[in-house]
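**Q** There's a structure below that I have some questions on.
Numbering (the numbering used here), first residue to last: 6 to 168.
Right, here's the structure in full:
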């Protein structure tokens, strides 16, 4: 009987600590990361809209808001705990956010510079080229992160639904 009193708590502890988090917990974690990515994307979309309109004052404000959102979202995700003792999903999300930051600080700042200067066909062509390069960088990073997110969903048995 004494052995049973000792073994029962061990078995309970084993099951308590060896079980994976639930699909609901994994989905909640994924949704928190995606929420921050969507906030960044919204600010990038605002910059793109202002760039199409060509108002450099609004473009500058939109770029500043985009950079601030990247900083804010990066801080939020950085402070999240690792999920299931594995920080890979979180780390990959932060790498994705770094791509946004790179685009904002490089391509978009250069585009703003071209818009701020005198209009020339050459500047217009360079702006278009930079915009295309930014879109390619973002799409490549998005596809990579999407694949990682799908693997995370598969591992924790939840379904990702497009909005």
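In this text, a Cβ means the ideal position worked out from N, Cα and C, and glycines have one as well.
Hey, quick one: how far does the alpha helix (DSSP H) through residue 3 stretch, first residue to last?
**A** In this structure the chain extends from 6 to 168, so residue 3 is not present and cannot be described.
**Q** Between residue 138 and residue 112, how many whole angstroms is the CB-CB distance? I'm expecting something under 8 Å.
**A** Translated into positions along the chain shown, residue 138 becomes position 133. Translated into positions along the chain shown, residue 112 becomes position 107. Their Cβ separation, rounded to whole angstroms, is 6 Å, which keeps residue 138 and residue 112 in contact under 8 Å.
**Q** If I measure Cβ to Cβ from residue 34 and keep anything under 7 Å in the same chain, skipping five residues before and after, which residues do I get?
**A** Indexing the chain shown from 1 puts residue 34 at position 29. Contacts found: 88.
**Q** Applying the 10 Å Cβ sphere with the 16-neighbour rule, what's the burial state of residue 166?
**A** Working through the chain shown from its first residue, we reach residue 166 at position 161. Exposed, because fewer than 16 other Cβ atoms sit within 10 Å of the Cβ of residue 166.
**Q** Fully enclosed by the segment 64 to 135, which beta strand (DSSP E) runs are 3 residues long or longer?
**A** Listed in chain order, there is nothing to give.
**Q** Give me the Cα-Cα distance between residue 147 and residue 105, rounded to the nearest whole angstrom.
**A** Residue mapping note: residue 147 aligns to position 142 of the chain shown, counting from 1. Residue mapping note: residue 105 aligns to position 100 of the chain shown, counting from 1. Their Cα atoms are separated by approximately 10 Å.
**Q** Please determine, among 59, 61, 45, the residue with the shortest C-alpha to C-alpha distance to residue 72.
**A** In the chain shown, counting from the first residue as 1, residue 72 sits at position 67. That would be 45, whose Cα lies nearest to the Cα of residue 72.
**Q** Quick check: the Cα distance between residue 21 and residue 92, rounded to an integer number of angstroms?
**A** Within the chain shown, the letter at position 16 stands for residue 21. Within the chain shown, the letter at position 87 stands for residue 92. For residue 21, the predicted model reports a pLDDT of 46, less than 50, meaning its position is unreliable and no value from the coordinates is stated.
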